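Undergrad:
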Amino acid sequence: MTNSVDRRARASQKRRRLTAAAARVLHEQGVERTTLADIAREADVPVGNVYYYFKTKDELVQAALAEHQAHLDELTRALDRLPDPRDRLKALVEAWVSQRETAARHGCPTGTLAVELDKRADGTLDAEAGAVIRRLLDWTAAQFRELGLPAPDDLALTLVSAYQGMSLLTNALRDPDIMNREGDRLLRWLDSLGPKDE
């Protein structure tokens, strides 16, 4: 029985390593340039093991999207511990800015994947990438709603669009300072929005 439990635990750990590796490599190289061998190498598993857990590259892309969603959920859970929704939004901006070096090299993990997947004809994986972004928009809108601000969905769209834009420009120009400057601007914008009791 213990061997069976150990084997399942090792298999689960290996699948987890492959999923995390897929998220990293697909972000760094893009879907079209990434091979299953690249992911196996990053996860430090034999390439044959990749096929055991994931039959196709699309299954790995789905796993990478699930990984991005898990990271987002982890971040928003941590932010939800802050008592004030404005502080949550500002901490979100600060989290984005803290990833400026990664953004300069590869852009936003979910945004770049969504753009690349949108160019494919099948139209399924791009919808899954869009669902991760939708989740971020919904969480952000809930913060603006809690602040009692009008048009919280529009404010969320403005904030997330600003992030995607600064991430894209940071990547295109290979300039992490863009994230710093735009992040500061977003923090000032959040502070300028009327408080809940106004």
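Converting from the sequence shown to the working numbering requires adding 923 to each position, the first position being numbered 1.
Every residue gets a Cβ at the ideal spot worked out from N, C-alpha and C, and that includes glycine.
Predicted model only: the values in this text are computed from it and were never measured.
#1: On a Cα-Cα basis, can you pick out the residue from 1090, 1115, 953, 1041 that is closest to residue 1022?
#2: For residue 957, collect the residues of the same chain with a Cβ closer than 6 Å to its Cβ; drop the 5 residues on either side in sequence, then sort them by chain order.
#3: Out of curiosity, what's the CA-to-CA distance linking residue 1032 and residue 1078?
#4: What three-state label does DSSP hand residue 1033 in the structure shown?
#5: Between residue 997 and residue 991, what straight-line distance do the alpha-carbon atoms span, to the nearest angstrom?
#6: Going straight from the alpha carbon of residue 932 to that of residue 942, what length do you get?
#7: Looking at the structure shown, is residue 1038 part of a helix, part of a strand, or coil, going by DSSP?
#8: Restricting to runs no shorter than 4 residues, where is the alpha helix (DSSP H) found entirely within the region 1027-1112?
#9: How many angstroms separate the CA atom of residue 1114 from the CA atom of residue 973?
#10: Looking at the unbroken alpha helix (DSSP H) that takes in residue 1012, where does it start and where does it end?
#11: What does a CB cutoff of less than 7 Å around residue 1075 pick up in its chain, not counting 5 residues either side in sequence?
#12: Around the C-beta of residue 1109, are 16 or more other C-beta atoms found within 10 angstroms, so that it is buried, or is it exposed?
#13: Along the chain, where does the alpha helix (DSSP H) containing residue 973 start, and where does it finish?
#14: On the DSSP letters alone, give me the boundaries of the alpha helix (DSSP H) that residue 967 sits inside.
#15: Measuring straight from C-alpha to C-alpha, what distance separates residue 1042 and residue 1036?
#16: Indicate whether the contact test is met: 3 or more Cβ pairs, each with one atom in the region 999-1010 and one in the region 958-968, closer than 8 Å.
TA: Here's the rundown:
#1: Residue 1090 is the option with its Cα nearest to residue 1022.
#2: The answer, listed in chain order, is 948, 949.
#3: Approximately 22 Å, taken between the alpha carbons.
#4: In the displayed model, residue 1033 falls within a helix according to three-state DSSP.
#5: One C-alpha to the other measures close to 10 Å.
#6: Rounded to whole angstroms, residue 932 to residue 942 spans 15 Å at the Cα level.
#7: Assigned with DSSP and collapsed to three states, residue 1038 falls in helix.
#8: Fully enclosed alpha helix (DSSP H) runs of 4 or longer: 1032-1041, 1048-1069, 1075-1096.
#9: Cα to Cα, the separation comes out at about 47 Å.
#10: It spans 1008-1021 - the alpha helix (DSSP H) in which residue 1012 sits, taken as one unbroken run.
#11: Result list for residue 1075: 1064, 1067, 1068, in chain order.
#12: Taking all protein chains shown into account, residue 1109 has 16 or more neighbouring C-beta atoms within 10 Å of its C-beta and is therefore buried.
#13: First-last of the alpha helix (DSSP H) with residue 973: 970-976.
#14: Element bounds for residue 967: n/a, residue is neither H nor E.
#15: Roughly 10 Å separates the two Cα atoms.
#16: At 8 Å Cβ cutoff, the stretches do not touch.
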